[in-house]
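Just so you know, the protein sequences line up as chains P and U, in that order. Each residue of the first sequence is one higher than the one before, counting from 462 in our numbering. Each residue of the second sequence is one higher than the one before, counting from 1232 in our numbering. Inspection log for the structure reproduced underneath, given as C-alpha cells.
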Amino acid sequence: AQSVTQPDIHITVSEGASLELRCNYSYGATPYLFWYVQSPGQGLQLLLKYFSGDTLVQGIKGFEAEFKRSQSSFNLRKPSVHWSDAAEYFCAVGAQGRDDKIIFGKGTRLHILP
Amino acid sequence: DAGVIQSPRHEVTEMGQEVTLRCKPISGHNSLFWYRQTMMRGLELLIYFNNNVPIDDSGMPEDRFSAKMPNASFSTLKIQPSEPRDSAVYFCASSNTGSGNQPQHFGDGTRLSIL
C-alpha cells in the first residue's frame, strides 16, 4: 500500500524568501502525486499534480514540485513566498490503475515572517 | 462551475443527538469521499463511493457512523448517537475517475461540535 511522509510539521520563512516543503512517498510503481493547500476554515485546494511525463510540475500560485524517483520524493518549491502563502500544505499519493483512494500526509504548516 | 457543496458549515449539538451532514459533489464526478480532520489524527478517509456504490468503508470508526449516496448528486454522513469525540471538521470531496486516479476536489467542510 502507498504511504506519504511530510517530515516537517512546521516551517517558518520570511516573506520574500524561497520555500521548499519536503514530501517522501512509498509505492512500488509510479505513483500519482499531489500537493494541496488548506487555508484556515477552508477545504483543501489542489496546487499541482504529477501523473507522468516531465518531472518538474508547475502549479497555481507560483508553486512547482519535482518528482525524483530515485529519492522517492516530490518536494514543493516556491522562489519567493508571500504572506498569503501562510497555510497548511498536504502532499498526497495515489496508485495508478488501482482504486480511487489517495493517501494524505500529515501536513506541513507554513508560517511567514513579515 | 459550482464546487463541492457541503451543509451545514457549522453544527453544534448535544451528545446523543443524531447528526446528518450533507454533500453535493461536482456534477459529472463519479467518486465521492468523506474525510474527518482533527488536530490529533490529521485527515482520515472515512468512506468512499464510486458510481453511488460504497467501495471502501474501512475508515468508518464505528457503527454509529453511516453514509449513503442515493444518487449521483447527493450524499449524507450520519452519526447516531453522537459523542463529544466525534467533534471534528468533516470534508466531502469528489473526483472523476473514469481513467484512473484524478485529483479530488474538496468542499469547505462541516465543523461539528458535540457538547
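No residue lacks a Cβ here, since even glycine has one placed at the ideal position from N, Cα and C.
Are the region 524-544 of chain P and the region 473-493 of chain P touching, with three or more C-beta to C-beta distances below 8 Å?
yes
Secondary structure at Lys522(P), three-state DSSP: helix, strand or coil?
Locating residue 522(P) in the first sequence gives position 61, where the first residue counts as 1. Helix at Lys522(P).
Interface residues of chain P facing Gly1338(U) [CB-CB closer than 8 Å]
Residue numbering aside, residue 1338(U) sits at position 107 when the second sequence is read from its first letter. Near Gly1338(U) (Cβ distances below 8 Å), the residues of chain P are Gly504.
Closer than 7 Å by C-beta to Ala1303(U): which residues in its own chain qualify, once you throw out the five before and the five after it? Chain order, please.
Position 72 of the second sequence, counted from the start, is the residue given in the question as residue 1303(U). If we look at Ala1303(U) and ignore the five residues flanking it on each side, its Cβ neighbours are Asn1283.
9 Å Cβ cutoff, Lys522(P) in contact with chain U
Your numbering for residue 522(P) matches position 61 in the first sequence. So no, Lys522(P) is outside the interface.
Return the CA-CA distance between Phe565(P) and Leu1263(U), expressed in angstroms with no decimal places.
By one-based count along the first sequence, residue 565(P) stands at place 104. By one-based count along the second sequence, residue 1263(U) stands at place 32. Spanning the two alpha carbons is a distance of roughly 16 Å.
Tell me which residues share the same chain as Gly568(P) and place their Cβ nearer than 6 Å to its Cβ, disregarding the 5 neighbours each side in the sequence.
Within the first sequence, the letter at position 107 stands for residue 568(P). Closer than 6 Å at the Cβ level, and outside the excluded window around Gly568(P), lie Glu549, Phe551.
Gly1338(U) burial status per 10 Å Cβ neighbour count (16 or more: buried)
Counted from its first residue, the second sequence places residue 1338(U) at position 107. Counting Cβ neighbours within 10 Å, Gly1338(U) comes out buried, since at least 16 surround it.
How would you write the range of the beta strand (DSSP E) that Pro1285(U) sits in, first residue to last?
Counting from 1 along the second sequence, the entry for residue 1285(U) is found at position 54. From DSSP, the beta strand (DSSP E) with Pro1285(U) extends over 1284-1287.
Residue from Phe1305(U), Ser1258(U), Thr1269(U) with nearest C-alpha to Arg1342(U):
To locate residue 1342(U), count along the second sequence from 1; it is residue 111. Here the closest residue by C-alpha is Thr1269(U).
Which residues, in chain order, does the region 1280-1298 of chain U contribute to contact with chain P at a C-beta distance below 8 Å?
Asn1281, Ile1286, Asp1287
Select from the region 533-544 of chain P all residues with a C-beta closer than 7 Å to any C-beta belonging to chain U, and list them in chain order.
none
Chain U within 9 Å of Phe551(P), Cβ atoms only:
By 1-based counting over the first sequence, the position of residue 551(P) is 90. It does: the Cβ of Phe551(P) has a partner Cβ on chain U nearer than 9 Å.
Pairing CB atoms from the region 466-476 of chain P with CB atoms from the region 1300-1319 of chain U, are three or more of them under 8 Å?
no
Ala1324(U) CB to nearest chain P CB: under 9 Å?
Working through the second sequence from its first residue, we reach residue 1324(U) at position 93. Interface residue, yes.
Based on the DSSP output, what are the partners of Trp496(P) in its beta bridges?
Numbered from its first residue, the first sequence carries residue 496(P) at position 35. Trp496(P) pairs with Leu509(P), Cys552(P).
Pull up the distance between the alpha-carbon of Arg1295(U) and that of Ser1313(U), whole angstroms please.
One-based indexing of the second sequence puts residue 1295(U) at position 64. One-based indexing of the second sequence puts residue 1313(U) at position 82. So the alpha carbons of these two residues sit roughly 8 Å apart.
Residues of the region 1266-1281 of chain U whose Cβ lies closer than 8 Å to any Cβ of chain P, in chain order
Gly1273, Leu1274, Leu1276, Tyr1279, Asn1281
The region 510-525 of chain P / the region 1235-1252 of chain U touching (three or more Cβ pairs under 8 Å)
no
List, from N- to C-terminal side, the alpha helix (DSSP H) runs of 4 residues or more that fit wholly inside the region 1308-1336 of chain U.
none
At which residue ranges does the region 1237-1279 of chain U contain complete beta strand (DSSP E) runs of 3 or more residues, listed in the order of the chain?
1241-1244, 1250-1255, 1262-1269
Note the first and the last residue of the continuous beta strand (DSSP E) segment covering Glu481(P).
Walking along the first sequence from the start, residue 481(P) turns up at place 20. Start and end: 480-482.
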